[in-house]
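Trainee: Heads up: the protein sequence lines correspond to chains A and B, in order.
Position one of the first sequence corresponds to residue 1 (this note's numbering), numbered consecutively onward.
Position one of the second sequence corresponds to residue 256 (this note's numbering), numbered consecutively onward.
We put the CB at the ideal spot given by N, CA and C, even for glycine.
Please read through the structure below; I'll follow up with questions.
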Amino acid sequence: MSTCQAIATVWRRYFAIYKKNLWFGIVTTFVEPLLYLVSFGVGVGGLVGAVTTESIRITYRQFVFSGIVGQALLFQGFFEAAYGGFVRMYYQKVFQAIAVTPVTMSEVLWGELLWDASKATFSSSAVLLIGAICGDFSIAGSLLALPVIFICSLLFASLGLLTAARSSTIDEISYPQFLLIFPMFLFCGVFFPLDQMPAVIQGIAWLLPLTPVISVIRSLTLGFPLKPLAALAVIAWTVILVRVARRAMRDRLVK
Amino acid sequence: MVAPLVVEQLVKDYRVPGRPPFRAVSGVSFSIEERECFGLLGPNGAGKSTSMQCITGFYPPTSGSVSILGYDVHADPRRARAALGVCHQEDTLDTDFTVFDQMVRHASFFGIGAVEAGRKARELLAKFDLSAKIDEPVEALSGGMRRRLQVARALMAEPRLLVLDEPTTGLDPEARRVLWSIIAEFRRGNGAVLLSTHYMEEAERLCDRIAIIHRGKILDCDTPPRLIARHVGTADVAEEIRPGVRWKRPANVEDVYLKLTGIPLSADESETTAEDEEMRPPAETTGGLHR
C-alpha cells in the first residue's frame, strides 16, 4: 500500500459514511448555502439592485453569490473538521484505531483533512453551479475556480482541525467559532463590499483568511482583477495552517 | 525463525512544558516466541499501557527499539503492522458503522479487498457469536459484545501478533471465559499474544511468561510457577481475609508482585491513562532489569 492509497483508504471511510447517511449529508452540506443564496441573493438582492466595488458595477446577487461560495467553504470546512474531528479524535477514537494498522498517523490526518476539504468543496460547488446556471458567474471561471476552492477548503478545514486539537472539551470550540469564524463571516466581504467599512476594519479584515479567499473567488467567477497579494495570502495561509493543524493534532494524540 | 515481537531497551519519557520529563517506561526488554502468550502485569500507572502504545508504534519511543517479525515498528510501520492486531484498553469501535461494515472497513486499512474481508468478517463474527448482530449498529451491543467485537476486528488481517491491552476489564465472568478461549484458539494457529492485565487469575491462566512491571521497569520475568517459587516459595500463604478470619491459600503471582514492590496490586493508585501518567512526578528507579 502506497502513501496515496493509504490516504485514499481513510478518505473512503468518510465517504462511505456520507453515502450511508446521504440525506443527512445533503441537508447539512447544501441546504445552508442555498438558504443564504435565496434570502440574500434574491431577497436582499431585490432591494439593493446593484453595487459598485473596486470601481466595477455588478448586481448585488452576483456580489453575494460569490461571497456565499466563500461562506460555504468557511462553514463546511471549519465545522466538519472542528466538531467532526473532535468527535472522531476524542469520543470515537477513530484516529487511534486506524493509526495502529499499516496506515500511519500522518496518513490518517491527511485523510481527515482531505475529507473535510472535499465536503466543503461539494457544498461550495453547488453554489458555483447555481451561480453559473443563473448567469451570474462565468462558466469558464467557475470551472477554473474548482481547484482553487479545494485549496481554500483545505485552509478552513485546517483551521477546524487545529481548533479540535487545541480544545480540551467540545464546548471550547465555541471560542474560535464566535470570536473568529462568525466575525470573518460578517466582516470579510461576504455580504457587502469591504470599502464600505472604516480603514481600520478593512485592514483587520485583510489580515483574516476569508477576505483574500473571497477576493480570489470573485476574480475567477466575476472577472475582477486578480490581486496577487490575495492569491499569495491564500497559499501562505493554507500551507501554514495545514502544517500547524497536523502538528497540533499529532501532538495531541501521540505523546 | 523471526520472533513475532522483540522489544529492546525501550524507554519512553513524557515531556510536559515547564516540567522535568517523566520517564514512564525505563529500559524494558523482552521478546515473544510463536504461540507464546506473554503477560505484562502491574497496577495502573506502572507503564503497561505506555509500553503497549510504543509496541504498536502509536507512541515513538524515547530510545530503544520494537520489532514485529523483524520489522522495526517505527522505521517501517507499514510492514511491521501488517502482522499486528490490536485491541485497545479503551473502546475504539467505529460507531459510524454496523458490526459487519466496521469489520470490512478495518480490513481495508490492511489493503484487504471487500469480498475477502466480507468472507473473513462473517467467519469471525460467527466464531465470536456475533452473527445475530451482523447488521446492528455498534451502540446496540452490550459491553461484553463490544469487547468481543474489538478482538474480532483485531483478527481481521490474520495477524501473527495480537496485542491485547486489558481486554477483559469490565467483563462479566462468562464473557471473560469466551475471550480466554478465543485467545487460546488464536495461539493454536501459531499466533503470539502480548497481554496486559491486572487480573491475577487471567495472567496465570493465559500467560506462558509474565513480566512484572512497576514504575516503568520490568522487575522480573518468567513463567508463573517459577516466579512464585523464586520469590514466594511453594508453601501456602496465610492471610486475614476479614477481621478475625484467616485462611491459607496457594501462593500466586500477586504475592510475587507484593514481594517485589511492596505494593498490593489492588492498591492501584488510580485509573491511569497515558495522559495521567505524564502528570505524575518522575518515577524513582527501583529494581533491576530482567529478561
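Given a threshold of 16 other Cβ atoms within 10 Å of its Cβ, counted over all protein chains shown, does Ser153(A) qualify as buried or as exposed?
Mentor: Taking the first sequence and counting its residues from 1, the one referred to as residue 153(A) is at position 153. Buried, since its Cβ has 16 or more Cβ neighbours within 10 Å.
Trainee: Hey, quick one: how far does the alpha helix (DSSP H) through Asp510(B) stretch, first residue to last?
Mentor: For this step, residue 510(B) is matched to residue 255 along the second sequence. Segment Val508 to Thr516, the alpha helix (DSSP H) holding Asp510(B).
Trainee: For Arg252(A), which residues from the same chain have a beta carbon less than 6 Å from its beta carbon, with the 5 sequence-adjacent residues on both sides left out?
Mentor: What you label residue 252(A) is simply residue 252 of the first sequence in a count that begins at 1. Within the same chain, Arg252(A) has close Cβ partners Ala165.
Trainee: Does any CB atom of chain B fall closer than 8 Å to the CB of Val27(A)?
Mentor: Sequence index remark: in the first sequence, residue 27(A) carries index 27 (1-based). Not an interface residue.
Trainee: Taking C-beta to C-beta, are Thr221(A) and Gly85(A) nearer than 8 Å?
Mentor: What you label residue 221(A) is simply residue 221 of the first sequence in a count that begins at 1. What you label residue 85(A) is simply residue 85 of the first sequence in a count that begins at 1. No, Cβ-Cβ distance for Thr221(A) and Gly85(A) is not below 8 Å.
Trainee: Excluding the 5 residues flanking Gln264(B) on each side, which residues of the same chain have their C-beta closer than 6 Å to its C-beta?
Mentor: Your numbering for residue 264(B) matches position 9 in the second sequence. Hits under 6 Å: Gly282, Ser284 and Gly319.
Trainee: List the whole-angstrom C-beta distance separating Val127(A) from Ile68(A), where the pair is believed to meet the contact cut-off of C-beta under 8 Å.
Mentor: Within the first sequence, the letter at position 127 stands for residue 127(A). Within the first sequence, the letter at position 68 stands for residue 68(A). With a Cβ gap of about 5 Å, Val127(A) and Ile68(A) count as contacting.
Trainee: In the DSSP output, what is Lys388(B) paired with across the bridge?
Mentor: Reading the second sequence from its first residue, position 133 is the one you call residue 388(B). Its beta-bridge partners do not exist; DSSP assigns none.
Trainee: Short of 8 Å Cβ to Cβ, which residues in the stretch 77-93 of chain A face chain B?
Mentor: Gln92 and Lys93
Trainee: Pop quiz: Val242(A) and Val108(A) are said to be a contact at Cβ under 8 Å. What is the actual Cβ separation, rounded to whole angstroms?
Mentor: Here residue 242(A) is taken as the residue at index 242 of the first sequence, counted from 1. Here residue 108(A) is taken as the residue at index 108 of the first sequence, counted from 1. Wrong, their Cβ atoms sit about 14 Å apart, outside the cutoff.
Trainee: Applying the criterion that 16 or more other CB atoms from any shown protein chain within 10 Å of the CB defines a buried residue, is Pro5(A) buried or exposed?
Mentor: The sequence position of residue 5(A) within the first sequence is 5, counting from 1. This sequence places Gln at residue 5(A); Pro is not what is there. Counting Cβ neighbours within 10 Å, Gln5(A) comes out exposed, since fewer than 16 surround it.
Trainee: For the beta strand (DSSP E) containing Arg497(B), name the first residue and the last one.
Mentor: For the purposes of this step, residue 497(B) is taken as residue 242 along the second sequence, with counting starting at 1. Run containing Arg497(B): Val492 to Arg497, per the beta strand (DSSP E) assignment.
Trainee: Residues in the stretch 93-109 of chain A with C-beta within 7 Å of chain B's C-beta atoms, listed in sequence order?
Mentor: Lys93, Val94, Gln96, Ala97, Ile98, Ala99, Val100, Thr101, Pro102, Val103 and Thr104
Trainee: From the beta carbon of Val254(A), is the nearest beta carbon of chain B less than 8 Å away?
Mentor: Locating residue 254(A) in the first sequence gives position 254, counting from the first residue. Yes, its Cβ sits closer than 8 Å to a Cβ of chain B.
Trainee: Exposed or buried, which one is Glu524(B) when buried takes at least 16 other CB atoms within 10 Å?
Mentor: The residue given as residue 524(B) occupies position 269 in the second sequence. In this predicted model, Glu524(B) has a pLDDT of only 42, less than 50, meaning its place in the structure is not dependable; the value taken from the coordinates is given anyway. The residue in question, Glu524(B), is exposed, as its Cβ has fewer than 16 Cβ neighbours within 10 Å.
Trainee: Check for me: the beta strand (DSSP E) holding Gly294(B) runs from which residue to which?
Mentor: For the purposes of this step, residue 294(B) is taken as the residue at position 39 of the second sequence. Element bounds for Gly294(B): Cys292 to Leu296.
Trainee: Verify whether the separation of the beta carbon atoms of Gln71(A) and Phe185(A) is less than 8 Å.
Mentor: Your numbering for residue 71(A) matches position 71 in the first sequence. Your numbering for residue 185(A) matches position 185 in the first sequence. The answer is yes: Cβ separation under 8 Å.
Trainee: Among the candidates Ser397(B), Pro259(B), Ala407(B) and Val328(B), whose CA atom is the shortest distance from the CA of Phe355(B)?
Mentor: Looking up residue 355(B) in the second sequence gives position 100. Nearest of Ser397(B), Pro259(B), Ala407(B) and Val328(B) to Phe355(B), Cα basis: Ala407(B).
Trainee: Taking only the alpha-carbon atoms, compute the straight-line gap between Tyr512(B) and Ile467(B) and give it to the nearest angstrom.
Mentor: Within the second sequence, the letter at position 257 stands for residue 512(B). Within the second sequence, the letter at position 212 stands for residue 467(B). About 7 Å.
Trainee: Name, please, each residue of chain B whose Cβ falls closer than 7 Å to the Cβ of Met1(A).
Mentor: Residue numbering aside, residue 1(A) sits at position 1 when the first sequence is read from its first letter. Arg333 and Gly366, listed in chain order.
Trainee: Can you list, in chain order, the residues of the stretch 309-327 of chain B whose Cβ is nearer than 9 Å to any Cβ on chain A?
Mentor: Thr311, Gly312, Phe313, Tyr314 and Pro315
Trainee: By DSSP, does Gly131(A) sit in helix, in strand, or in coil?
Mentor: As a first step, residue 131(A) must be located in the first sequence, where it is residue number 131. The three-state reading of DSSP puts Gly131(A) in helix, counting H, G and I together.
Trainee: Mapping DSSP to helix, strand and coil, what is Ala50(A)?
Mentor: The residue labelled residue 50(A) in the question sits at position 50 within the first sequence. Strand at Ala50(A).
Trainee: Check this for me: beta carbons of Ile323(B) and Pro259(B), under 8 Å apart or not?
Mentor: In the second sequence, residue 323(B) corresponds to position 68, counting from 1. In the second sequence, residue 259(B) corresponds to position 4, counting from 1. Their beta carbons are under 8 Å apart, which means Ile323(B) touches Pro259(B) by this criterion.
Trainee: Cutting at 7 Å between CB atoms, please list the residues of its own chain near Glu440(B), excluding the five before and the five after it.
Mentor: To locate residue 440(B), count along the second sequence from 1; it is residue 185. Closer than 7 Å at Cβ, skipping near neighbours: no residue.
Trainee: Just to confirm my understanding: we take Leu434(B), look at its own chain, exclude 5 residues before and 5 after, and list those with CB closer than 8 Å. What are they?
Mentor: Counted from its first residue, the second sequence places residue 434(B) at position 179. So the list reads Arg402, Arg403, Val406, Pro422, Thr423 and Leu426, once near-sequence residues are dropped.
Trainee: For Thr28(A) and Ala372(B), what's the separation of their Cα atoms in angstroms?
Mentor: Counting from one through the first sequence, the residue named residue 28(A) turns up at place 28. Counting from one through the second sequence, the residue named residue 372(B) turns up at place 117. Roughly 31 Å separates the two Cα atoms.
Trainee: Is the beta carbon of Arg501(B) closer than 8 Å to that of Glu495(B)?
Mentor: The sequence position of residue 495(B) within the second sequence is 240, counting from 1. The sequence position of residue 501(B) within the second sequence is 246, counting from 1. In this structure, Arg501(B) lies closer than 8 Å to Glu495(B) by Cβ.
Trainee: Answer yes if the stretch 142-161 of chain A comes into contact with the stretch 111-123 of chain A, meaning at least three C-beta pairs across the two stretches below 8 Å, and no otherwise.
Mentor: Contact holds: three or more Cβ-Cβ distances are below 8 Å.
Trainee: Starting from Thr353(B), follow its DSSP beta bridges and name the residues at the other end.
Mentor: The count along the second sequence starts at 1 and reaches residue 353(B) at position 98. According to DSSP, which records beta bridges pairwise, Thr353(B) is partnered with Pro392(B).
Trainee: State buried or exposed for Met358(B), treating a residue as buried only when at least 16 other CB atoms are found within 10 Å of its CB.
Mentor: Residue mapping note: residue 358(B) aligns to position 103 of the second sequence, counting from 1. Within a 10 Å sphere around the beta-carbon of Met358(B) sit 16 or more other beta-carbons, which makes this residue buried.
Trainee: Who are the neighbours of Ile7(A) on chain B, taking C-beta pairs under 9 Å?
Mentor: Position 7 of the first sequence holds residue 7(A). Those within 9 Å of Ile7(A) in chain B number zero; the least Cβ separation is about 11 Å.
Trainee: Quick one: does Glu345(B) have its CB under 8 Å from some CB of chain A?
Mentor: By 1-based counting over the second sequence, the position of residue 345(B) is 90. Yes, its Cβ sits closer than 8 Å to a Cβ of chain A.
Trainee: Using the Cα positions of Asp331(B) and Met256(B), report the straight-line distance between them to the nearest angstrom.
Mentor: As a first step, residue 331(B) must be located in the second sequence, where it is residue number 76. As a first step, residue 256(B) must be located in the second sequence, where it is residue number 1. Their backbone Cα atoms lie some 19 Å apart in a straight line.
Trainee: From which residue to which residue does the beta strand (DSSP E) around Ser451(B) run?
Mentor: Position 196 of the second sequence, counted from the first residue, corresponds to residue 451(B). Note, Ser451(B): beta strand (DSSP E), Ala447 to Thr452.
Trainee: By the three-class DSSP mapping on this structure, what secondary structure does Cys476(B) have?
Mentor: As a working note, residue 476(B) is residue 221 in the second sequence. DSSP places Cys476(B) in strand when its eight states are reduced to three.
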